[in-house]
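See below for the structure under consideration.
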């Protein structure tokens, strides 16, 4: 029987430590998805450590950059008011990790639409992610929609994307038609950034 | 609420009693003159004593700006609530509401209204009389249609309609020029062309109302009962530019598909005052499939670009 490849078992005691270990992991040539997912999941959410990044908007969810990973990854915090949700979107050939810091988020997975498709997109599965759980997705797995289905509780999530990307495609569930959008940050490193253009699509 | 609350904390501005199992909020509220934010979500409020009597005369009626009653057991909007004239933000998400009272228009300072996660089946046109409303959430309900009057909400920035029972939208929705967010997913929106001409002959009240409006018959509030004054203010203009007529409840309904730059096809319902009136951009009301679809493209060209960015599929 083959020996399984030894991956480190990290335990991030704080958000700062999580960021530090991520820098360490991503400095290597090869990064293991399982390792990053386990690391993200190991961090026990402590609002005191991330409250400065958690800026909510009344009308839609926000993306708040925490760390830009020396160009190797983007780490950001997303704030979802009650009923806020994203469109169905892809991840522009990048890895996407999503960890719940507060509340719950529903993730619905979709199949890629057919090339000539003109019908309703196919739902693959759905699940509700609980606090401290970490999900992973990339384009080969499929597309997803993320939403805060609570009408009483806001939700906060921590996202890691590698490599970083600032455009993606959003999909119309009824037809499968896609539309490229630019993504912007509501705040960076705890400071509110002013959005210049009205072209923001803001899925992730 | 504990007795003596207003004596110990007379300057109280923010009160959060969420998740405390409250079944009613009593007269202590009436003696808090500075209270601007009251958060009482996730409790057991909903019975008749949930809000104290005399709310309309209390300082709270003018001072309260934010009220969050989400996650309770309200099956109707408590009438006492409608006396909170200064209210800017109201949340009744995740309750058991079956409808919205027309008197919601009394809350004329309202900017934020969250009614998601209830059992609401219809929207009263009076909701459109809230001049400052910017954010309206009606997701996760049982709404079958949107009244065209909703387009009068000039300040509306965000409209959440996802997970309802909508098959079409009124074409007036395109008039919401400040709209930045519109969610429609999870509705059985009609995808294929549907030709549906239905016409309910107008009532005498409607015919009289139409005459008053189109002939500009002058009237003052003292001339008519309040209910008729309100009725007359709900007139909608017939979209046929050659008509200049108005309608109230009786109209021809016709579904057209508006193509937003080839990406989305939204079924928009056109209301016309009579079968003789044709829609602005088609030559006859009984147009063929392809004719209607290309007419729809012309019609949408101005609003299309804006709505394409707005729409969250």
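Protein chains in written order, with full-length UniProt numbering: chain A, 1 to 204; chain B, 1 to 313. For every residue, glycine included, the Cβ atom is placed at its ideal position computed from N, Cα and C.
Would a C-beta distance cut-off of 8 Å place residue 55 of chain A and residue 186 of chain A closer than the cut-off?
yes
Helix, strand or coil, according to DSSP, for residue 282 of chain B in the structure here?
At residue 282 of chain B, the pLDDT of 43 sits below 50, so the modelled position is not reliable; the number obtained from the coordinates is stated separately. If DSSP states are grouped into helix, strand and coil, residue 282 of chain B belongs with coil.
Just to confirm, is the Cβ distance from residue 26 of chain B to residue 44 of chain B under 8 Å?
no
Let me confirm a value: residue 10 of chain A is counted as buried when at least 16 other C-beta atoms fall within 10 Å, else exposed. Which label applies?
buried
Under 8 Å, Cβ to Cβ, is there at least one residue of chain B near residue 102 of chain A?
no
Could you tell me if residue 170 of chain A is buried or exposed, where buried requires 16 or more neighbouring beta carbons within 10 angstroms of its beta carbon?
buried
Taking the CB atoms as reference points, tell me whether residue 186 of chain B and residue 152 of chain A lie closer together than 8 Å.
no
Alpha carbons only, please: which of B:135, B:178, B:274 and B:53 is nearest the one belonging to residue 210 of chain A?
Nothing can be reported for residue 210 of chain A, as the shown portion of chain A is limited to 1 through 204.
So, with DSSP's three-state summary, where would you put residue 155 of chain A?
It is a strand residue.
Would you identify the three-state DSSP class for residue 58 of chain A, choosing helix, strand or coil?
Look at residue 58 of chain A here: in three-state DSSP terms it is coil, with no helix or strand label.
Strictly under 8 Å for the Cβ-Cβ distance: is residue 114 of chain B near chain A by that measure?
yes
Along the chain, where does the beta strand (DSSP E) containing residue 105 of chain B start, and where does it finish?
Here residue 105 of chain B belongs to no beta strand (DSSP E), and DSSP marks it neither H nor E.
Work out the CA separation of residue 111 of chain B and residue 132 of chain B for me, nearest whole Å.
Cα-Cα distance, rounded: 5 Å.
State the Cα-Cα distance for the pair residue 201 of chain B and residue 223 of chain B, rounded to the nearest angstrom.
27 Å
So, at 6 Å on beta carbons, what are the nonlocal neighbours of residue 52 of chain A in its own chain, with the 5 sequence-adjacent residues on each side left out?
Excluding sequence neighbours, residue 52 of chain A sits near 190.
Closest to residue 112 of chain A by C-alpha separation, out of A:15, A:178, A:35 and A:66, would be which residue?
A:178
With a cut-off of 8 Å, do at least 3 Cβ pairs link the segment 102-110 of chain A to the segment 123-130 of chain A?
By the C-beta criterion, the segment 102-110 of chain A is judged to be in contact with the segment 123-130 of chain A, since at least 3 inter-stretch pairs fall below 8 Å.
Figure out for me which residue from A:103, A:96, A:180 and A:155 has the closest Cα to the Cα of residue 142 of chain A.
Checked all of A:103, A:96, A:180 and A:155; the closest Cα to residue 142 of chain A is A:96.
On the DSSP letters alone, give me the boundaries of the alpha helix (DSSP H) that residue 112 of chain A sits inside.
For residue 112 of chain A, there is no enclosing alpha helix (DSSP H), as DSSP marks it with neither H nor E.
State yes or no: is the C-beta of residue 68 of chain A within less than 8 Å of the C-beta of residue 23 of chain A?
Not a contact, by the Cβ cut-off of 8 Å.
Indicate whether at least one CB of chain B lies closer than 8 Å to the CB of residue 152 of chain A.
yes
Are the C-beta atoms of residue 59 of chain A and some chain B residue less than 8 Å apart?
yes
Any C-beta of chain B sitting closer than 8 Å to the C-beta of residue 82 of chain A?
yes
Residue 89 of chain A by DSSP, collapsed to three states: which one?
strand
Which of helix, strand or coil does DSSP assign to residue 276 of chain B?
coil
Residue 238 of chain B and residue 247 of chain B - do their beta-carbons sit closer together than 8 Å?
yes
So residue 105 of chain A and residue 41 of chain A are in contact, right, with Cβ under 8 Å, and what is the actual spacing, rounded?
In fact, because the Cβ distance is near 15 Å, the residues do not count as touching under 8 Å.
Can you name the start and end residues of the beta strand (DSSP E) that residue 143 of chain B belongs to?
From DSSP, residue 143 of chain B is part of no beta strand (DSSP E); its letter is neither H nor E.
For residue 8 of chain B, count neighbouring C-beta atoms within 10 Å of its own C-beta (all shown protein chains included) and say buried if the count is 16 or more, exposed if not.
exposed
Look at the alpha carbon of residue 149 of chain A and the alpha carbon of residue 58 of chain B, and state the distance between them as a whole number of angstroms.
36 Å
Alpha carbon to alpha carbon, how far is residue 32 of chain A from residue 23 of chain B?
52 Å
Name, please, each residue of chain A whose Cβ falls closer than 8 Å to the Cβ of residue 71 of chain B.
151 and 152
Just checking: is the beta-carbon of residue 189 of chain B within a distance shorter than 8 Å of some beta-carbon in chain A?
yes
Beta-carbon within less than 8 Å of residue 183 of chain B's beta-carbon, same chain only, minus the 5 sequence neighbours each way: which residues are those?
139, 159, 160, 161, 162 and 312
With respect to the beta strand (DSSP E) encompassing residue 39 of chain B, which residues constitute its N-terminal and C-terminal limits?
37-39
Looking at chain B, is there any beta carbon in it that lies within less than 8 Å of the beta carbon of residue 16 of chain A?
no
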